[in-house]
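S.K.: My structure is below; once you've seen it, I'll send some questions.
In this note's numbering, the protein residues as written are 13 to 402.
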């Protein structure tokens, strides 16, 4: 939708005030020439306004965004511009961005490149500060008359949606979560996330391809043996957010949940995030993007009845797994003890400041306080030290 508001530039206001001064002097000195000058200046301003109002923004704009952004990280946006007509009146541009992205970027277009059919690209950087889904745009061009007396804005191009993911902090490795590599075996009686990476040998059967012959086992058994893949389950972890919408430090807990998700995923865990009572999202190792996407637009929600949550965990996971509960109320840990008994370990973060009392944390929870969103890595380290030093 075009914006038809016409504004006076500094030069335009200078002409208007000059005409007023000429009228005042002509009246004071009784000189008719001053009135002629004043009328002439006002006619110039009016004609310039009509000229600007009749101009059209004959350009096409395509906005390029590299992908999803993260809170606190610089995001570079490129706008490719192509003129499809005369652009003599174009004096500048601005792109509409959300307030949480900082100040709206502005600039001027290179006039030589923007002749009819010309192309140009403008780049600018923003730093989003709040997670969520946003629209960038529309792109606005500033049009002015040849004398630079009046100007107006025209919207060109479409808006572009972008998802801003939560802030992810690097978390230190330690003894809180055991490694998921070959140094520890994870047995599964009912694997929920099998992967075919454990090899065993069996007798050769007619039709087996020779490329699957296990020569070492063949030499040991004295008969032809082939490799057979046996499924092994990925280690799993569960993240539960227990935060009502609009709660203080809710974004800090979401940032912590995102950081834990990325940390566990990089460590080889299959991470599950309980987005709601009925929707639990799984992310395979090394690929936490689906959970980060859900966290980006998570509105805040309290967990359901702890007994129902505990039963669902028992049905979903065959073994005791690491469970992380992030809540804004330390008293909720008493209610969620039934969830903790299915965990190894049971880890809780409470958004009540960094001075959480150990005496107020019921067993078997390992808990730490979270003061704000910049305290994510420090809160993780405090919990690691508490596990080591007791």
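Every residue, glycine too, gets a C-beta built ideally from N, C-alpha and C.
(1) Closest to residue 234 by CA distance: which of 253, 224 and 214 is it?
(2) Under a Cβ-count criterion, where at least 16 other Cβ atoms within 10 Å of its own Cβ denotes burial, should residue 359 be classed as buried or exposed?
(3) I'd like to know whether the C-beta atoms of residue 138 and residue 109 end up nearer to each other than 7 Å.
(4) May I ask which residues mark the beginning and end of the beta strand (DSSP E) holding residue 325?
(5) Going by DSSP, which residues form a beta bridge with residue 139?
(6) So which of 63, 81 and 225 has the shortest CA-CA distance to residue 160?
(7) Leaving out five residues before and five after residue 396 in sequence, what residues of the same chain have Cβ atoms less than 6 Å from its Cβ?
(8) Taking buried to mean at least 16 other C-beta atoms within 10 Å of its own C-beta, is residue 218 buried or exposed?
(9) Taking all protein chains shown into account, decide if residue 82 is buried (16 or more other Cβ within 10 angstroms of its Cβ) or exposed.
(10) Residue 350 and residue 322: beta carbons closer than 7 Å?
(11) In whole angstroms, what is the alpha-carbon distance linking residue 47 and residue 61?
(12) Can the beta-carbon of residue 276 be found less than 7 Å from the beta-carbon of residue 283?
(13) Would you report the Cα separation of residue 296 and residue 279, rounded to the nearest angstrom?
(14) Please report the residue range of the beta strand (DSSP E) in which residue 333 lies.
(15) Can you tell me whether residue 171 is helix, strand or coil according to DSSP?
(16) Starting from residue 282 and walking both ways along the beta strand (DSSP E), at which residues does that stretch end?
(17) Out of 341, 379 and 269, state which residue places its alpha-carbon closest to the alpha-carbon of residue 310.
(18) Compute the distance between the beta-carbons of residue 45 and residue 74, then report whether it is under 7 Å.
(19) In the structure shown, what three-state DSSP assignment does residue 107 receive?
(20) Consult DSSP for residue 115 and reduce its assignment to one of helix, strand or coil.
(21) Straight-line CA distance for residue 49 to residue 164?
(22) Does DSSP put residue 77 in a helix, in a strand, or in coil?
(23) Out of curiosity, what's the CA-to-CA distance linking residue 12 and residue 104?
(24) For residue 299, which residues in the same chain have their Cβ closer than 8 Å to its Cβ, ignoring the five residues on either side in sequence?
(25) Excluding the 5 residues preceding and the 5 following residue 37 in the sequence, name in chain order all residues of the same chain whose CB lies nearer than 8 Å to its CB.
(26) Is the beta carbon of residue 337 closer than 7 Å to that of residue 252?
(27) Would you please verify whether the beta carbon of residue 290 is less than 7 Å from any beta carbon of chain B?
(28) Between the C-alpha atoms of residue 266 and residue 57, what's the straight-line distance to the nearest angstrom?
(29) Tell me the rounded alpha-carbon separation between residue 363 and residue 339.
(30) Near residue 229, what residues of its chain come up, given a Cβ to Cβ distance below 6 Å and the 5 sequence neighbours on each side ignored?
(31) Might you give, ordered along the chain, the residues of its own chain that have their beta carbon closer than 8 Å to the beta carbon of residue 53, omitting 5 neighbours on each side?
(32) Contact defined as beta carbons within less than 8 Å: I believe residue 117 pairs with residue 136. What is the distance between those atoms, to the nearest angstrom?
(33) For a quick check, are the C-beta atoms of residue 25 and residue 183 less than 7 Å apart?
(34) Please check the pair residue 333 and residue 249, which I expect to be a contact at CB under 8 Å, by giving their CB distance rounded to whole angstroms.
(35) By the 10 Å Cβ neighbour count, where 16 or more other Cβ atoms means buried, how is residue 41 classified, buried or exposed?
(36) Starting from residue 362, trace the beta strand (DSSP E) in both directions and tell me its first and last residue.
M.R.: On the basis of the supplied data:
(1) When each option's Cα is compared against that of residue 234, the closest is 214.
(2) Residue 359 comes out buried.
(3) Yes. Within cutoff.
(4) Here residue 325 belongs to no beta strand (DSSP E); instead the alpha helix (DSSP H) covers 318-328.
(5) Looking at the DSSP assignment, residue 139 forms no beta bridge with any residue, so it has no partner.
(6) For the residues 63, 81 and 225, the minimum Cα distance to residue 160 belongs to 63.
(7) Cβ within range, chain order: 186 and 188.
(8) Label assigned to residue 218: exposed.
(9) That one is buried.
(10) Cβ distance < 7 Å, so residue 350 and residue 322 count as in contact.
(11) Rounded to the nearest angstrom, the two C-alpha atoms are 21 Å apart.
(12) Contact annotation: residue 276 and residue 283 have beta-carbon atoms nearer than 7 Å.
(13) In this structure, the alpha-carbon of residue 296 lies about 11 Å from that of residue 279.
(14) Element bounds for residue 333: 333-339.
(15) DSSP places residue 171 in coil when its eight states are reduced to three.
(16) Per DSSP, the unbroken beta strand (DSSP E) holding residue 282 starts and ends at 282-286.
(17) Closest by C-alpha distance to residue 310, out of 341, 379 and 269, is 269.
(18) The answer is no: Cβ separation not under 7 Å.
(19) Collapsing the DSSP output to three states places residue 107 in a strand.
(20) Looking at residue 115 - three-state DSSP - the assignment turns out to be coil, as it is neither helix nor strand.
(21) Rounded to the nearest angstrom, the gap between the Cα atoms of residue 49 and residue 164 is 26 Å.
(22) DSSP, reduced to helix, strand and coil, places residue 77 outside both helices and strands of the structure shown, so it counts as coil.
(23) Only positions 13 to 402 of the chain appear in the structure, and residue 12 is not among them; the question remains open.
(24) Same-chain partners within the cutoff: 277.
(25) So the qualifying residues of the chain are 43 and 46.
(26) Contact flag set, yes.
(27) Annotation note: the requested chain B is absent from the structure, which comprises a single protein chain.
(28) Their Cα atoms are separated by approximately 55 Å.
(29) Taking the straight line from one Cα to the other gives about 6 Å.
(30) Closer than 6 Å at Cβ, skipping near neighbours: 213 and 237.
(31) Same-chain partners within the cutoff: 27, 28, 30, 31 and 34.
(32) Their Cβ separation, rounded to whole angstroms, is 4 Å, which keeps residue 117 and residue 136 in contact under 8 Å.
(33) Residue 183 sits away from residue 25, with the two beta carbons spaced by 7 Å or more.
(34) Right, their Cβ atoms sit about 6 Å apart.
(35) Residue 41 sits exposed, since fewer than 16 C-beta atoms from the chains shown fall within 10 Å of its C-beta.
(36) From DSSP, the beta strand (DSSP E) with residue 362 extends over 355-362.
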